[in-house]
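Residue numbers (this note's numbering): 394 to 639.
Taking it in order: structure first as structure tokens, then the write-up.
What follows is the structure, given as structure tokens:
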């Protein structure tokens with residue numbers, strides 16, 4: 394009886410021993426597969442996609458540059474108006490607002506001045522826009538620079554319905570006056586001489602650069618030399634031919 398029990402235990406141990414070997418073999422196979430995967434390395438990255446060609450409907454670079462220039466111009470004009478408004482507001486802030494209960498008249502005047510300043514700023518902005526449409530941005534810019542150097546002349550322009558139109562017209566008159574100078578007659582003579590020189594140059598260019606000789610006319614038809622012998626009748630028109638050398 395005891396031998397049978399011992400045999401059963403040994404047989405049980407014999408049946409259980411192969412299982413660890415199977416687990417070890419599976420682990421070895423897993424390590425081999427992992428090693429093979431590491432040997433192959435990571436898959437190569439896909440080549441970058443080709444840059445998509447510019448579509449036919451794309452905006453041209455010239456249009457983008459023009460738009461940027463217009464935007465920068467608008468920003469400069471807005472900055473100039475902001476600076477002008479800041480100067481006015483700085484002057485107004487230098488004088489604090491009067492108290493309404495202490496001095497109601499002064500306070501009402503202060504409020505009117507505030508409203509007038511805002512109205513003037515809007516008026517100037519619209520005036521500049523219309524003046525640039527009529528005269529061009531460069532002409533308006535030149536007039537603005539002129540009055541920036543002569544601020545004492547700009548105050549009278551604010552009463553005009555369109556201050557920038559008045560500024561450009563005044564600037565153009567000043568420019569002409571500076572060109573003419575103190576002697577209008579001398580300027581007129583110089584202009585006439587310049588016109589003559591220009592006409593003379595154009596005529597010489599049309600003639601090929603050489604002046605044609607003037608025909609020598611006799612004192613009278615009687616003194617013109619005869620083309621034929623004495624006593625021979627002259628052909629019709631021979632006197633004129635001799636006179637004009639033809």
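Ideal placement from N, C-alpha and C gives every residue a C-beta, glycine not left out.
(Q) Just checking: is the beta-carbon of residue 497 within a distance shorter than 8 Å of some beta-carbon in chain E? (A) Reference to chain E is not applicable here, since this structure consists of a single protein chain.
Q: Indicate the three-state DSSP secondary structure (helix, strand or coil) for residue 600 in the structure shown.
A: In the three-state reduction of the DSSP assignment, residue 600 falls in the coil class, being assigned neither a helical nor a strand state.
Q | Where residue 452 falls: helix, strand or coil (DSSP) | A | coil
Q | Buried or exposed by the 16-neighbour rule on C-beta atoms within 10 Å, applied to residue 446 | A | With a pLDDT of 49 at residue 446, under the threshold of 50, the modelled position of that residue is not reliable, and no figure is offered here.
**Q.** Best match in 474, 574, 533 for proximity to residue 510 [C-alpha to C-alpha]
**A.** 474
Q. Thinking C-alpha only, which one of 534, 553, 585 is nearest residue 469?
A. Sorting 534, 553, 585 by C-alpha distance to the C-alpha of residue 469 places 534 at the top.
Q) Under a three-way DSSP split, which group does residue 491 fall into? A) coil
Q | Validate contact between the segment 557-574 and the segment 590-602 using beta carbons, cut 8 Å, 3 pairs | A | At 8 Å Cβ cutoff, the stretches do not touch.
Q | Status (buried if at least 16 other CB within 10 Å, exposed otherwise) for residue 643 | A | Coverage of the chain is limited to positions 394 through 639, which leaves residue 643 absent and any answer about it impossible.
Q. If you count every other CB in all the chains shown that lies within 10 Å of the CB of residue 517, and 16 or more means buried, which is it?
A. buried
(Q) Count Cβ pairs between the segment 574-585 and the segment 526-542 that sit closer than 8 Å; are there 3 or more? (A) no
Q) Cβ atoms of residue 524 and residue 555: under 8 Å apart, would you say? A) Residue 524 sits close to residue 555, with the two beta carbons spaced by under 8 Å.
**Q.** Per-residue DSSP class, three states only, for residue 558
**A.** helix
Q. What do you reckon, are the CB atoms on residue 564 and residue 530 nearer than 8 Å?
A. no
Q: Can you tell me which of 471, 493, 585 puts its alpha carbon nearest to the alpha carbon of residue 640?
A: The first residue shown for the chain is 394 and the last is 639, placing residue 640 beyond what the model contains.
Q) When the distance is taken between beta carbons, is residue 492 closer than 8 Å to residue 505? A) no
Q.
Do residue 550 and residue 513 have their beta-carbon atoms positioned less than 8 Å apart in this structure?
A. no
Q: Could you tell me if residue 528 is buried or exposed, where buried requires 16 or more neighbouring beta carbons within 10 angstroms of its beta carbon?
A: buried
Q.
Can you list, in chain order, the residues of its chain with a C-beta nearer than 8 Å to that of residue 494? Leave out the 5 residues immediately preceding and following it.
A. none
Q) If we count the other Cβ atoms within 10 Å of its Cβ and call it buried at 16 or more, is residue 521 buried or exposed? A) buried
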